[in-house]
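Colleague: Following this message is one structure expressed as structure tokens.
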Amino acid sequence: MGRKQMTLSGLAAASLVFAGGLALAAGQYGPGASDTEIKIGNTMPYSGPASAYGAIGKAEAAYFNMINEQGGINGRKINFISRDDGYSPPKTVELIRKMVEEDQVLLTFNVLGTPPNTAVQAYLNDNKVPQLLVATGADKWNDPKNHPWTMGWQPSYRIEARIYGRYILKNLANAKIAVLYQNDDFGKDYLTGLREGLGDKAEKMIVAVKTYETTDPTVDSQIVALQGSGADVLLTAATPKFAAQAIRKVNDIGWKPTHFLTNVSVSVGAVMKPAGPEKGIGIISAGYLKEPTDPQWQDMQEYKDWSAWMKKYNSAGSVTDSNNVFGYSAAQTVVAVLTASGDNLTRENIMEQAASIHDLKLPMVLPGIVLSTSATDFAPIKQMQLMKFDGTTWQLFGEVISGSGS
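Residue numbers for the sequence shown follow the working numbering, so the first one is 119 and each next one is one higher.
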């Protein structure tokens, strides 16, 4: 099949759907696809140490419910099979195998977490099942040569950490940096990216590093140890539960570093409020989605559409939780890919369309940031904007910047 270029500029939520009508019966189908259905597999940590991210899966299910109510994708309803893996890689393996071999899903979509996705990457690639738009920013998802069936979605952690490193060099030239990170590829990517951003100054500027395991009860002892290093800058690469603990402990021991926080833990509802919003004032992060608690978006049609969707389809979710923006936007992306696939719903064509995204604008992604992919570039989002927490919401500052390159 020839490549069909996907150019969906200026996309609004409703226009993502080719609504109504029966699909043509002459379709080409892989497992899990038919004239009436597209079967998608997913795992999420609805329980366990990363359960705050369960909101993403619920938002995606709610978005697909809306799509189905509007007639589906080219007349086909989405059958979204989303199961709880508890952020446990062995459980992910068990569930994904069942989805592929018994449920016969056409693709997996937005499986959450670096360790869970790592555990199933070889299996899905060996079986030529799309591991599409994974919900993790590990750098290794952008490797089409060696893993042609795996594609990321959000900006890579290394890109984000490079941005922090460059900001520190420019604005905090004499910084002594401490790093807290989750002891897996997620956390290690941040340390690698920070070193890249700092360049030849990294060895001198990074004075202390501590890790934690997802089975640890708290990160309190790590924070105390990092304070004892004399650092005046802290980078925290942690999932929501541990990020909130870190924010609280930094405040409670009277430590006042310039604090950088990974984007995956910036939800006001799931992280900053549980930590104590006043304890997070001044924290710096980088974003690519419109923060739902930021008043500057709330009079815009894109936010009003999202808010209306939340009320109608995802009313149990919190409008202060940016995970609901994440799930909404990721779901829109896969709908765009499936729409572009037309009646050729083979696994091969879906990957071809996913690798043909050109300047896709999503309503709740920050202005100036578009999604693009190619056969040699499986990283849809490559830009971010710095932001600072003011006790209520995240305030954007500076320009949209790319952390790619050396």
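In this text, a Cβ means the ideal position worked out from N, Cα and C, and glycines have one as well.
For G255 versus I277, is the C-beta distance shorter than 9 Å?
Modeller: Cβ distance < 9 Å, so G255 and I277 count as in contact.
Colleague: Mapping the DSSP letters down to three states, classify T510 as helix, strand or coil.
Modeller: Reduced to three states, the DSSP call for T510 is coil.
Colleague: Which stretch, first to last residue, makes up the beta strand (DSSP E) that contains Y299?
Modeller: Y299 -> beta strand (DSSP E) spans 295-300.
Colleague: So A173 is in the alpha helix (DSSP H); what residue range does that whole segment cover?
Modeller: 172-187 is the extent of the alpha helix (DSSP H) around A173.
Colleague: On a CA-only basis, which of T464, Y171, T357, G193 is nearest E155? Give me that one, please.
Modeller: Closest option to E155, Cα to Cα, is G193.
Colleague: Mind checking G486: buried by the 16 CB within 10 Å criterion, or exposed?
Modeller: Exposed.
Colleague: Tell me the DSSP secondary structure of G445 in three-state form.
Modeller: The answer is helix: DSSP assigns G445 an H, G or I state.
Colleague: Considering only the alpha carbon of each residue, which of Q416, S403, Q471 lies closest to D508?
Modeller: Of the candidates Q416, S403, Q471, the one whose C-alpha sits nearest the C-alpha of D508 is S403.
Colleague: Residue range of the beta strand (DSSP E) that L162 falls in?
Modeller: In the sequence as presented, Leu is not what sits at residue 162; that position holds Met. That run of the beta strand (DSSP E) goes 155-162.
Colleague: Given a cut-off of 9 Å, decide if F444 and A253 are closer than it, judged by their beta-carbon atoms.
Modeller: Yes. Within cutoff.
Colleague: Could you tell me the distance, in whole angstroms, from the CA atom of N245 to the CA atom of K209?
Modeller: Their Cα atoms are separated by approximately 19 Å.
Colleague: Which residue or residues does DSSP assign as beta-bridge partners of I277?
Modeller: Per DSSP, none; premise fails for I277.
Colleague: Roughly how many angstroms separate the alpha carbons of S474 and G394, rounded to a whole number?
Modeller: Between S474 and G394, the C-alpha separation is close to 43 Å.
Colleague: Rounded to the nearest angstrom, what separates P248 and A240 at their Cα positions?
Modeller: Using only the alpha carbons, I get a separation of about 11 Å.
Colleague: Once the 5 residues before and after G166 are set aside, which same chain residues still bring their CB inside 7 Å of it?
Modeller: Once the five neighbours on either side are set aside, the close Cβ partners of G166 are G204, Y205, S206.
Colleague: Report yes if the C-beta distance between M482 and N381 is below 9 Å; otherwise report no.
Modeller: Contact: no.
Colleague: Taking contact to mean at least 3 C-beta pairs separated by less than 8 Å, is the region 407-420 in contact with the region 433-443?
Modeller: At 8 Å Cβ cutoff, the stretches touch.
Colleague: Do W267 and M469 have their beta-carbon atoms positioned less than 9 Å apart in this structure?
Modeller: Closer than 9 Å, so yes.
Colleague: Could you name the residues of the same chain whose beta carbon sits closer than 6 Å to that of T491, not counting the 5 residues immediately before and after it, in chain order?
Modeller: Contacts found: A473, I475, P498.
Colleague: Within 10 Å of its beta-carbon, does S93 have 16 or more other beta-carbons around it, so buried, or fewer, so exposed?
Modeller: Limits of the chain in this structure are 119 at one end and 524 at the other, which puts residue 93 out of reach.
Colleague: Between which two residues does the beta strand (DSSP E) holding A355 run?
Modeller: 351-355 is the extent of the beta strand (DSSP E) around A355.
Colleague: Output the distance between the C-alpha atoms of A549 and Q471, rounded to the nearest integer angstrom.
Modeller: Residue 549 is absent from the structure shown; the chain starts at 119 and stops at 524.
Colleague: Would you say R504 and L489 are within 9 Å of each other, going by their C-beta atoms?
Modeller: It should be pointed out that residue 504 corresponds to Leu in this sequence rather than to Arg. Result no, Cβ atoms of L504 and L489 do not sit closer than 9 Å.
Colleague: Below 8 Å, can you find three or more Cβ-Cβ pairs linking the region 358-371 to the region 322-341?
Modeller: Because the criterion of three Cβ pairs below 8 Å is met, the region 358-371 and the region 322-341 touch.
Colleague: Taking contact to mean at least 3 C-beta pairs separated by less than 8 Å, is the region 424-440 in contact with the region 168-183?
Modeller: With a cut-off of 8 Å, the region 168-183 and the region 424-440 count as touching, because enough Cβ pairs lie within range.
Colleague: Which whole-angstrom value is the C-beta distance of V351 and I295, which I expect to be below 8 Å?
Modeller: Contact holds; Cβ gap of about 4 Å.
Colleague: Since G150 contacts L224 with CB under 8 Å, what's their CB separation in whole angstroms?
Modeller: That pair is a contact at about 3 Å.
Colleague: Alpha carbons only, please: which of E517, L480, V452, W512 is nearest the one belonging to F227?
Modeller: Out of E517, L480, V452, W512, V452 has the C-alpha closest to the C-alpha of F227.
Colleague: Where do the N-terminal and C-terminal ends of the beta strand (DSSP E) with L379 fall, by residue?
Modeller: Residues 376-379.
Colleague: Take V327 as the anchor and find which of W271, T333, A349, D261 has the nearest alpha-carbon.
Modeller: Among W271, T333, A349, D261, the Cα nearest to that of V327 is on A349.
Colleague: Could you have a look at N113 and say whether DSSP puts it in helix, strand or coil?
Modeller: Nothing can be reported for residue 113: it is not among the residues displayed for the chain, which extend from 119 to 524.
Colleague: In chain order, what residues of the same chain lie with their CB nearer than 8 Å to the CB of I199, ignoring the 5 residues before and after it?
Modeller: Only K157, I158, G159, N160, M217, D221, V223 meet the Cβ criterion.
Colleague: Which stretch, first to last residue, makes up the alpha helix (DSSP H) that contains K422?
Modeller: Residues 419-431.
Colleague: Ignore the nearest five residues each way along the sequence and tell me which others in V325's own chain have a CB closer than 8 Å to its CB.
Modeller: These residues qualify, in order along the chain: K294, I295, A296, S347, G348, A349.
Colleague: For the alpha helix (DSSP H) that contains F198, what are its first and last residues?
Modeller: Per DSSP, F198 belongs to no alpha helix (DSSP H); it is in the beta strand (DSSP E), 195-202.
Colleague: Based on Cα-Cα distance, which residue from S425, Y330, D261 lies nearest to T494?
Modeller: It is D261 whose Cα lies nearest to the Cα of T494.
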